[in-house]
Amino acid sequence: MTGLSLDGVSKVYGGAGVTDGPDSGTVALEDVDITVRDGEFFTLVGPSGCGKTTTLRAIAGFEAPTEGAVRFDGREMTGVPPEERDVGVVFQSYALFPHMTVAENVGYGLRFRDPPDGATADDRVAELLDLVDLEGMGDRDPEQLSGGQQQRVALARALAPAPDLLLLDEPMSALDAQLRESLRRQVKRIQSELGITTVYVTHDQAEALAISDRVAVMNGGRVEQIGRPQEIYREPATRFVAEFVGDNNVFDAAVRSRDGEYGRAEVGGETFTVPVVDGSDRVTFCVRPGGLARSADRNRLTVRVETSEFLGETVRVNGRWNDRRIVLRLDEVPDGDELTVGFEPDDAHVVDPR
Ligand code: ADP
Ligand code: MG
Numbered sequence: 011m012t013g014l015s016l017d018g019v020s021k022v023y024g025g026a027g028v029t030d031g032p033d034s035g036t037v038a039l040e041d042v043d044i045t046v047r048d049g050e051f052f053t054l055v056g057p058s059g060c061g062k063t064t065t066l067r068a069i070a071g072f073e074a075p076t077e078g079a080v081r082f083d084g085r086e087m088t089g090v091p092p093e094e095r096d097v098g099v100v101f102q103s104y105a106l107f108p109h110m111t112v113a114e115n116v117g118y119g120l121r122f123r124d125p126p127d128g129a130t131a132d133d134r135v136a137e138l139l140d141l142v143d144l145e146g147m148g149d150r151d152p153e154q155l156s157g158g159q160q161q162r163v164a165l166a167r168a169l170a171p172a173p174d175l176l177l178l179d180e181p182m183s184a185l186d187a188q189l190r191e192s193l194r195r196q197v198k199r200i201q202s203e204l205g206i207t208t209v210y211v212t213h214d215q216a217e218a219l220a221i222s223d224r225v226a227v228m229n230g231g232r233v234e235q236i237g238r239p240q241e242i243y244r245e246p247a248t249r250f251v252a253e254f255v256g257d258n259n260v261f262d263a264a265v266r267s268r269d270g271e272y273g274r275a276e277v278g279g280e281t282f283t284v285p286v287v288d289g290s291d292r293v294t295f296c297v298r299p300g301g302l303a304r305s306a307d308r309n310r311l312t313v314r315v316e317t318s319e320f321l322g323e324t325v326r327v328n329g330r331w332n333d334r335r336i337v338l339r340l341d342e343v344p345d346g347d348e349l350t351v352g353f354e355p356d357d358a359h360v361v362d363p364r
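Just so you know, we're using the numbering used here here: the sequence shown kicks off at 11 and counts up by one.
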């Protein structure tokens, strides 16, 4: 088993390979520090273009960092080619070999590496097909399988040589929503059964929270926050994380007075009691939709209702207050076009405004 780290990794495509100045190219990664623990399910999440694939390719050895180092169990991997890194990779497109059967696809990596524990290649292929719930499908051609089944073949192929690390780059994004959920449960089950250190890439924040031990939220080539799903959701470090992960309401306010950890902060002509930070006359705080309640009698604001989305258990209400978009969670569709809600100071969470 293997832990993994990226230490100060930057990647610049083109230009003179520098991160700033007139000769800079495209900065895909900037000073990325990530440590993935042995056996962990670790996810890189962020919008398209934020550097997720580049990070994964640097780990796999397909791309050399411009600066910094990738280490496996502390061992620097600079100069070690992909085929000597002991990683299994699954890409977004299934990338199965179309002229080979399913079994030949799964066994492909065993041409270069012996199966583990002295197994024969045939046994290992059967074992892997079993693991991904495709037993008996070995003789089929990839084109006879559904998208979800093809992706499971790709997963079995990546795992067959018993790699130390499993890397998955948006493996679900070509599948429809229902299949995505069932495949995601399968991937999670297989990962924990094998205990294999896994780095998973997705742009889908809900998927990241659902599947991961820990998550790195990326934005513009940088890591904004690393934490367990609950930490990322409940204690977003930055405005970007607050807005990217789940629904949120972010307010920029001017601090008018202080009393210990709390203060009075003004935004849009209203003054709210919220936590404040030492030494700053501004505070950026967020309140989750669930924190804005009709029953709360502190920090009241009246929201103009624009749309309501019935979600089954709850209703998501989108509205405006003072030209700001506000998202609420209610039990029922509101009947009027205005709604007054409030929040407790402890439901406001301070974020870095950058
Ligand atoms: P993500 O996977 O998060 O969508 P990528 O890692 O693919 O992001 O890309 C990060 C940035 O690097 C983007 O601006 C992208 O356009 C750029 N980039 C990626 N690959 C290359 C390349 N081979 N040459 C030049 N620019 C690239
Ligand atoms: Mg990508």
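Note that CB positions come from ideal geometry on N, CA and C, so glycine has one too.
- According to the DSSP assignment, Val209 belongs to no alpha helix (DSSP H) but to the beta strand (DSSP E) extending over Thr207 to Thr212.
- When the Cα atoms are used, Pro152 and Pro91 turn out to be separated by approximately 29 Å.
- In this structure, DSSP gives Ala164 a helical state, which the three-state scheme calls helix.
- Note on geometry: alpha-carbon atoms of Val343 and Gln215 lie some 26 Å from one another.
- Within the DSSP secondary-structure output, Val99 pairs in a beta bridge with Leu177.
- Annotation: the stretch 243 to 319 contains the following complete segments of the alpha helix (DSSP H) (minimum length 4 residues), in chain order: 249 to 254.
- Non-local beta-carbon contacts of Phe261 in its own chain, meaning distances under 6 Å to residues more than five positions away in sequence, involve Val277 and Phe295 in chain order.
- In the structure shown, Val112 falls within a helical segment according to DSSP collapsed to helix, strand and coil.
- Considering only Asp269, Met228, Arg238 and Val265, the residue with the shortest C-alpha distance to Phe250 is Met228.
- Residue range Ala131 to Leu141 is occupied by the alpha helix (DSSP H) that includes Asp140.
- Around the beta carbon of Leu321, a 10 Å sphere encloses fewer than 16 other beta carbons of the protein chains shown; the residue is thus reported as exposed.
- Distances from the CA of Thr208 to each of Leu185, Asp179 and Val265 were compared; the closest alpha carbon is that of Asp179.
- Using a 10 angstroms sphere on the CB of Ala74, the tally of other CB atoms stays under 16, which defines it as exposed.
- Sixteen is the threshold: since fewer than 16 other Cβ atoms of the shown chains lie within 10 Å of the Cβ of Asp269, the residue is exposed.
- Under the three-state reduction of DSSP, Ser34 is assigned to coil, being neither helix nor strand.
- When C-beta atoms of the stretch 38 to 58 are compared with those of the stretch 114 to 127, fewer than three pairs fall below 8 Å, so the two segments do not count as touching.
- Between Val135 and Val116 a beta carbon distance of about 5 Å is seen, short of the 8 Å cut, so the two are scored as contacting.
- Sorted by chain position, residues whose beta-carbon lies closer than 5 Å to a non-hydrogen atom of the ligand ADP are Tyr23, Thr36, Ala38, Ser58, Gly59, Cys60, Gly61, Lys62, Thr63 and Thr64.
- Distances from the CA of Val255 to each of Tyr272, Gly279 and Arg298 were compared; the closest alpha carbon is that of Arg298.
- Between Arg314 and Glu348, the C-beta spacing is below 8 Å.
- Shown here, Glu348 sits in a strand according to DSSP, grouped into three states.
- The three-state reading of DSSP puts Val19 in strand, counting E and B together.
- Separation of the CB atoms of Ala220 and Arg194 is rounded to 7 Å, and the pair is thereby assigned contact status at 8 Å.
- At a cut-off of 7 Å, the beta-carbon of Asp179 counts as near the ligand MG: some heavy atom of the ligand is closer than that.
- Looking at the backbone, the Cα of Glu137 and that of Arg304 are separated by about 56 Å.
- With at least 16 other beta carbons inside 10 angstroms of its own, Pro246 counts as buried.
- Of the candidates Glu40, Ile206 and Val225, the residue whose Cα lies closest to the Cα of His213 is Val225.
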